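Inspection log for the structure reproduced underneath, given as structure tokens.
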Amino acid sequence: MNEIILLKLGEIVLKGDNRHVFEEKLVSNIRRRLKDLGDFRVYTRQSIAYVEPGDGPCDMAGAWEAMKKTFGVVDLNLALECEKDPDAIVRAACEYLGDRLRKAKTFKVESKRSDKSFPMNSIELSQYVGGELHDLFPHLKADMHKPELTVTVEIRDFSAYVHGDPEPGAGGLPVGTGGRGVSLLSGGIDSPVAGWMMAKRGLALDMVHFESPPYTSPQAREKVLDLASLLAPWVGGHAVHIVPFTHIQEEIRRACPEELFTVIMRRFMMRVAQRVAERTRAGALVTGESLGQVASQTMEAMTCTQAVTPLPVLRPLIGMDKEEVVRLARKIGTYDTSIQPYEDCCTVFTPKHPRIRPGMEEVKRAEEALAVDELTEEAYRGIERVMIPVSGDRRR
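Every letter in the sequence shown is one number past the one before it in the working numbering, and letter 102, counting from 1, is 117.
Rendered as structure tokens:
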């Protein structure tokens with residue numbers, strides 16, 4: 016009898032003729048995340064993905080943690096595989112869940128029979144296994160509504176599987192099924208959450224970060240790369256494109272009205288991010304903007320900033336308040352890093368009284384004092400690319 020990880024597919028099962036595309040991408044993503052953890056066999060059958068250890072060494076604990084952060088999986092179980100025989104199932108339940116059965120006071124057995132050739136139906140199998148377990152663990156009481164432990168038996172194509180209560184998965188769609196995007200990654204709380212949310216909808220990501228030395232420090236840069244590494248187990252391996260932004264910001268300060276500094280800076284960020292998107296064949300930009308949160312996130316300001324790119328600008332946080340974003344940041348593990356007190360380029364030369372509702376024409380007139388194309392090209396050509404694999408080990 017072998018321990019195996021069973022992954023229940025989420026939205027994928029609602030797909031039509033192209034469902035196989037989503038399943039194949041999920042299997043590919045799983046294999047990529049497991050390749051350094053051992054020789055696992057990964058396949059799908061009947062809305063379940065199976066992660067089965069091979070003959071060599073396999074890190075099941077590492078695989079379990081990796082699968083919890085794999086988009087496309089709605090819940091997951093560690094299960095024991097056994098013969099499709101009622102008595103073998105009882106033995107497997109005793110072997111695999113014995114400690115939990117001894118500690119629990121109430122239980123129930125829930126059976127799922129995908130293999131309709133099995134001689135018992137689901138109710139009959141649950142009654143048989145439940146009766147046998149009660150005889151073996153007489154302190155247990157049956158509770159069909161709120162049991163301390165649910166013993167689940169699944170009769171599937173190749174084997175039977177026994178497991179306890181499932182653990183929630185990451186949900187969403189497999190990364191890569193929604194195309195590719197470029198996510199603007201600052202050192203704050205919002206942008207890592209925004210990238211995570213779009214990856215959950217199947218978007219493969221590259222990141223763009225803008226730094227302005229000497230106004231921003233090496234520690235601020237490392238903080239952003241740490242955030243990218245924390246995101247990697249969720250979003251997959253990706254590149255962080257680090258953009259030298261100092262010259263652009265100094266030119267804006269020299270030539271443009273102070274109250275328009277932020278919106279003009281954001282327009283340059285969009286221009287450079289679009290160039291990165293062209294290079295990576297991405298179809299959208301992603302930002303962590305939330306309507307009304309700061310001066311650059313009014314409707315008028317966002318209209319001005321997105322006007323410089325033909326690409327859609329995805330803003331998954333647009334209707335969320337800060338507390339909602341913080342809760343998600345804690346969930347995905349980026350919050351503690353995000354609140355480290357290192358500056359980013361958005362705080363450089365911050366105007367005392369930023370224009371909250373800038374007009375498009377006045378912004379365009381202000382930019383006439385700048386060599387926009389040359390500055391954008393200079394920043395793009397100076398990009399440093401840092402690779403962040405799923406393991407989080409950076410490669411330049």
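Where a beta carbon is used, it is the ideal one built from N, C-alpha and C, also for glycine. All values derive from a computational prediction rather than experimental measurement.
Can you give me the C-alpha to C-alpha distance between ALA344 and ASN136, rounded to a whole angstrom? Counting only the Cα atoms, ASN136 lies some 44 Å from ALA344.
Quick one: residues in its chain with C-beta nearer than 8 Å to the C-beta of ILE347, no 5 flanking neighbours on either side, listed in chain order? For ILE347, same chain residues with a beta-carbon under 8 Å away, outside a window of 5 residues either side, are PRO207, VAL208, TRP211, LEU245, LEU246, TRP249 in chain order.
At the level of alpha carbons, what is the spacing between PRO327 and GLN355? PRO327 and GLN355 have their alpha carbons spaced roughly 31 Å apart.
Beta-carbon proximity list for TYR6, same chain, < 7 Å, skipping 5 on both sides: What the structure shows of the chain is the stretch from 16 to 411, and residue 6 is not part of that stretch, so it cannot be assessed.
Could you check what DSSP says for CYS319 in three-state terms: helix, strand or coil? Here CYS319 sits in helix by DSSP.
Is VAL363 near LEU240, with beta carbons less than 8 Å apart? No, these two residues do not count as a Cβ contact at 8 Å.
Three-state secondary structure assigned by DSSP to PHE276: DSSP places PHE276 in helix when its eight states are reduced to three.
Tell me, please, which residues DSSP counts as bridged to HIS224. BP columns for HIS224 point to ILE257.
Given a cut-off of 8 Å on the beta-carbon distance, is the pair ARG281 and TYR395 in contact? No.
Would you report the Cα separation of GLN367 and ALA76, rounded to the nearest angstrom? Residue 367 is actually Lys in this sequence, not Gln. Between the alpha carbons of LYS367 and ALA76 lies a distance of about 52 Å.
Nearest-angstrom Cα distance between THR167 and ALA94? As the crow flies, the alpha-carbon of THR167 is around 9 Å from that of ALA94.
Buried or exposed (CB count within 10 angstroms, at least 16 for buried), HIS35: It counts as exposed.
Using a Cβ-Cβ cutoff of less than 6 Å, which residues in the same chain neighbour ALA191 once the five nearest sequence positions on both sides are dropped? For the record, residue 191 in the displayed sequence is Gly; it is not Ala. Excluding sequence neighbours, GLY191 sits near LYS40, ALA219.
Tell me whether PHE283 is buried or exposed, calling it buried when 16 or more other Cβ atoms sit within 10 Å of its Cβ. With 16 or more other Cβ atoms within 10 Å, it is buried.
Quick one: residues in its chain with C-beta nearer than 7 Å to the C-beta of ALA107, no 5 flanking neighbours on either side, listed in chain order? By the criterion of a C-beta distance shorter than 7 Å, ALA107 is surrounded in its chain by MET16, LEU95, CYS97, VAL177, once the five residues flanking it on both sides are discounted.
Could you give the residue range of the alpha helix (DSSP H) that holds HIS178? Membership of HIS178 in any alpha helix (DSSP H) is not indicated; the residue belongs instead to the beta strand (DSSP E) covering 175-178.
Pairwise C-alpha distance: ALA64 and LEU24: Cα-Cα distance, rounded: 7 Å.
Nearest to ILE104 by CA position, among GLU315, TYR143, LEU52, is which residue? For ILE104, the nearest C-alpha among the options comes from TYR143.
Measuring CB to CB, does ASP51 end up less than 8 Å from GLY71? No. Outside cutoff.
Within this structure, are the beta carbons of VAL89 and ALA78 separated by less than 8 Å? No; because the gap between Cβ atoms is not below 8 Å, this pair is not in contact.
Check ILE263 in the structure and name its three-state DSSP category. Helix at ILE263.
Measure the CB-CB distance between ALA217 and ASN44 and report whether it falls below 8 Å. It should be noted that the sequence gives Gly, not Ala, for residue 217. No; because the gap between Cβ atoms is not below 8 Å, this pair is not in contact.
With a Cβ-Cβ cutoff of 8 Å, do HIS253 and LEU390 count as a contact? Contact: no.
Ordered along the chain, which non-local residues of its own chain (more than five positions away) have a Cβ less than 6 Å from that of ARG286? Contacts found: VAL323, THR391.
Under 8 Å between C-beta atoms of VAL124 and LEU148: The answer is yes: Cβ separation under 8 Å.
Are LEU10 and ASP205 close, meaning C-beta to C-beta below 8 Å? Summary: the structure shown does not reach residue 10, with the chain confined to residues 16 through 411, and so no result is reported for it.
From the DSSP output, read off the bridge partner residues of PRO68. The partner list for PRO68 (beta bridge, DSSP) reads PHE55.
Going by DSSP, what residues sit across from GLU96 in a beta bridge? For GLU96, which the question treats as bridged, DSSP gives the partners TYR176.
Among residues of its own chain, excluding the 5 on either side of TYR230, which ones have a beta-carbon nearer than 6 Å to its beta-carbon? Taken in chain order, the residues that qualify are VAL363.
Under 6 Å Cβ to Cβ from SER126, same chain only, skipping five residues before and after it: list those, please. Spatial neighbours of SER126 in its own chain (CB-CB distance under 6 Å, excluding positions within 5 residues in sequence) are listed in chain order as SER137, LEU140, SER141, VAL168.
Please classify ALA113: is it buried, with 16 or more other beta-carbons within 10 angstroms of its beta-carbon, or exposed? The question names Ala, but residue 113 is Gly in the sequence shown. Counting the other Cβ atoms within 10 Å of the Cβ of GLY113 gives fewer than 16, which makes it exposed.
MET284, DSSP secondary structure in three states: Helix, per DSSP.
When you compare each of ILE170, THR349, LEU300, LEU385 to GLU266 by their alpha carbons, which one comes out closest? Out of ILE170, THR349, LEU300, LEU385, LEU385 has the C-alpha closest to the C-alpha of GLU266.
Write down the C-beta distance between ARG342 and GLU304 rounded to the nearest angstrom, noting that I regard them as a contact closer than 8 Å. That belief does not hold up - the Cβ atoms of ARG342 and GLU304 are roughly 18 Å apart, past 8 Å.
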